[in-house]
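Number of protein chains: 2
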Amino acid sequence: MELTELETFLKAAGDGSRLKILQQLTSGPVCVCDLTPLVGLTQPAVSQHLKRLKDAGIVTGEKRGRWTFWSLDQLHPLHDIMVGLLSRVPAPGRTVADLEAAGEKGCCGV
Amino acid sequence: MELTELETFLKAAGDGSRLKILQQLTSGPVCVCDLTPLVGLTQPAVSQHLKRLKDAGIVTGEKRGRWTFWSLDQLHPLHDIMVGLLSRVPAPGRTVADLEAAGEKGCCGV
DNA sequence: ATATCATATAAGCATTGACTTATGCATCTG
DNA sequence: CAGATGCATAAGTCAATGCTTATATGATAT
Numbered sequence: 012m013e014l015t016e017l018e019t020f021l022k023a024a025g026d027g028s029r030l031k032i033l034q035q036l037t038s039g040p041v042c043v044c045d046l047t048p049l050v051g052l053t054q055p056a057v058s059q060h061l062k063r064l065k066d067a068g069i070v071t072g073e074k075r076g077r078w079t080f081w082s083l084d085q086l087h088p089l090h091d092i093m094v095g096l097l098s099r100v101p102a103p104g105r106t107v108a109d110l111e112a113a114g115e116k117g118c119c120g121v
Numbered sequence: 012m013e014l015t016e017l018e019t020f021l022k023a024a025g026d027g028s029r030l031k032i033l034q035q036l037t038s039g040p041v042c043v044c045d046l047t048p049l050v051g052l053t054q055p056a057v058s059q060h061l062k063r064l065k066d067a068g069i070v071t072g073e074k075r076g077r078w079t080f081w082s083l084d085q086l087h088p089l090h091d092i093m094v095g096l097l098s099r100v101p102a103p104g105r106t107v108a109d110l111e112a113a114g115e116k117g118c119c120g121v
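Protein chains in written order, with our numbering: chain A, 12 to 121; chain B, 12 to 121.
See below:
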C-alpha cells in the first residue's frame with residue numbers, strides 16, 4: 012500500500028460527520044435520508060460526505076429503486092482496521108435502529 | 012475513546028508529510044534537522060507538523076542540549092494501530108539511516 | 001402525464017490547512 | 001562575550017474543505 016493511499020484513507024475518515032456515518036454503516040446498509048437526521052446536516056451535505064468516502068473506496072452505494080443504500084466496502088484493504096477503530100467509540104445517541112424503535116419510520120421504510 | 016478524539020488522531024495522521032515523519036519515527040527518536048531533508052520542506056514547516064502531531068498526542072519531543080528529539084508516544088491509545096498502518100507502507104527512498112550510511116552525517120551528529 | 005420523492009451535483013461562501021519568509025529564543029562554541 | 005546553531009513561533013498567502021441554497025436527474029405514485 013502506497014503512502015498516498017493511506018493518506019487518502021485517513022483524510023476521508025478524519026471528519027466527525029463522516030465518522031458518524033461510518034459508525035452507522037457498521038450496522039448495515041443505510042440510505043441517505045436515514046443518515047441525514049443522524050449527523051444533523053442537510054441532505055446534500057450527507058451526499059457529499061458519502062461521495063468523499065466512496066472516492067476513497069471506504070463505502071459503496073447500491074441503487075435500489077428510489078434509494079441508494081450505502082455500506083462499508085469490505086474490499087477496502089483497511090476495512091477491518093476501520094471497523095476496529097469505530098468499535099472503540101461509543102455508539103451515537105440515536106442510531107437508525109433507535110429512530111425506528113421510537114416509531115419514527117425510516118424514509119425508505121426498511 | 013470519544014469520537015472527537017478519534018477524529019483528531021485521523022486528522023493529524025492524514026497528511027503525506029506527517030506520515031513520512033511518523034514513518035521515520037518508527038525507527039527511533041530523530042531531531043528536526045534530520046527530518047527536514049527527508050520530507051523536503053523547510054524547517055519551520057517540519058516544526059509545525061511536529062506540533063500538530065504533538066497536540067494530537069501522537070508524538071513527544073524531548074529537549075536534549077540544542078536539539079529536540081521526537082519520538083512516537085507509546086502512551087497514545089492508538090499507538091499500536093499507527094505503527095501497524097505505517098508498516099503497510101514501503102520505506103521511503105531515503106531514511107535517516109540511509110543518509111548516514113551515505114556519509115551525510117546527521118546535523119545532531121547521532 | 002404530472003407530481004412527488006430520494007439523491008446527486010453546482011455554485012457560492014467561510015473556515016481551516018499547509019506552506020513560505022521573517023524573527024525570537026535558547027544553547028553551544030570559539 | 002560574540003557568533004553560530006537548532007528550533008519554535010508569527011504573519012501572510014493560497015489551496016482545500018465543509019457547509020449552505022438552488023437545481024438537475026431519475027424512479028415511483030396518482
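Built from N, CA and C at the ideal position, the CB exists for glycine as well.
Mind checking whether residue i and residue j have CB atoms under 8 Å apart?
i	j	result
leucine 83 of chain A	histidine 90 of chain A	yes
leucine 17 of chain B	leucine 30 of chain A	yes
serine 28 of chain A	alanine 108 of chain A	no
valine 43 of chain B	threonine 19 of chain B	no
glycine 117 of chain A	glutamate 111 of chain A	yes
leucine 46 of chain A	arginine 105 of chain A	no
Out of the options, which one is the CA nearest neighbour of residue i?
i	options	result
valine 100 of chain B	B/Gln34, B/Leu14, B/Met12 and B/Gly25	B/Gln34
valine 94 of chain B	B/Gly76, B/Thr15 and B/Ile32	B/Ile32
threonine 15 of chain A	B/Gly117, B/Pro103 and B/Cys118	B/Pro103
leucine 36 of chain B	B/Pro55, B/Ile69, B/Gly76 and B/Met12	B/Ile69
glycine 40 of chain B	B/Glu73, B/Pro55, B/Val57 and B/Ala56	Residue 40 of chain B is actually proline in this sequence, not glycine. Among B/Glu73, B/Pro55, B/Val57 and B/Ala56, the Cα nearest to that of proline 40 of chain B belongs to B/Glu73.
methionine 12 of chain B	B/Gly120, B/Pro88, B/Leu52 and B/Pro48	B/Pro88
Can you tell me where the beta strand (DSSP E) holding residue i begins and where it ends?
i	result
arginine 105 of chain A	Segment: none, arginine 105 of chain A is in no beta strand (DSSP E) and carries neither H nor E.
leucine 97 of chain A	Run containing leucine 97 of chain A: none in the beta strand (DSSP E); it sits in the alpha helix (DSSP H), 90-97.
Reducing DSSP to helix, strand and coil, say where residue i ends up.
i	result
glycine 72 of chain B	strand
cysteine 42 of chain A	strand
leucine 83 of chain B	strand
How far does the alpha helix (DSSP H) with residue i in it reach, from first residue to last?
i	result
threonine 19 of chain B	14-24
glycine 51 of chain B	Neither: glycine 51 of chain B is in no alpha helix (DSSP H) and is coded neither H nor E.
glycine 27 of chain B	27-36
Mind the definition here: the segment 20-29 of chain B touches the segment 58-67 of chain B only if three or more C-beta pairs lie below 8 Å; say whether that holds.
yes
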